[in-house]
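Residue numbers (the working numbering): 7 to 148. Contents: one structure, followed by commentary.
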């Protein structure tokens, strides 16, 4: 059910205690499929390996001890990262997301262990289609 190749939406509520390990994972099906995580800095990152380009890096800071709604979307032509209902980063792209045998982990990456999320994660949702921004905003305000 999680071998999604064409369109995907991954979203969750997060609260950061500390960004103390690069690539801390919110939710992932491994490092060579799809993942929503922290990057190497203070920003979030959404990636779908198999696409080119395969990732977008956010600009909005979430390392503030507050709850934030985050969503990664691939609609078949563009990768988008939303923070608190607002588009934070996007990139035109193409391709199919890789299928891998790794299980989906929340708060960790099964393919690359040691990237545990240091904080809270709630209301994780995964869709096999691309949610439009209006529906992401609706999820955030419920």
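Every residue gets a Cβ at the ideal spot worked out from N, C-alpha and C, and that includes glycine. A quick note: this is a predicted structure, and the numbers were derived from the prediction, not measured.
Residue range of the unbroken beta strand (DSSP E) whose run includes residue i
i: residue 127; result: 125-133
i: residue 20; result: 14-22
i: residue 97; result: 92-98
Rounded distance between the beta-carbons of residue j and residue i, thought under 8 Å
i: residue 114; j: residue 31; result: 5 Å
i: residue 54; j: residue 14; result: 7 Å
i: residue 126; j: residue 20; result: 7 Å
i: residue 121; j: residue 27; result: 6 Å
i: residue 110; j: residue 35; result: 5 Å
i: residue 57; j: residue 99; result: 5 Å
Span of the alpha helix (DSSP H) around residue i
i: residue 142; result: 139-147
Residue closest to residue i, alpha-carbon to alpha-carbon, out of the options
i: residue 48; options: 66, 99 and 61; result: 66
i: residue 97; options: 80, 91, 108 and 112; result: 80
i: residue 44; options: 136, 133, 22 and 146; result: 22
i: residue 89; options: 144, 107, 100 and 77; result: 77
i: residue 61; options: 38, 75 and 71; result: 38
Residues that DSSP places opposite residue i in a beta bridge
i: residue 120; result: The partner list for residue 120 (beta bridge, DSSP) is empty, contrary to what the question assumes.
Next on the checklist: Going residue by residue through the stretch 31-90, where are the continuous beta strand (DSSP E) segments of at least 3 residues, counting only ones entirely within it?
Outcome noted: 31-34, 40-44, 50-54, 61-63, 73-80 and 84-89
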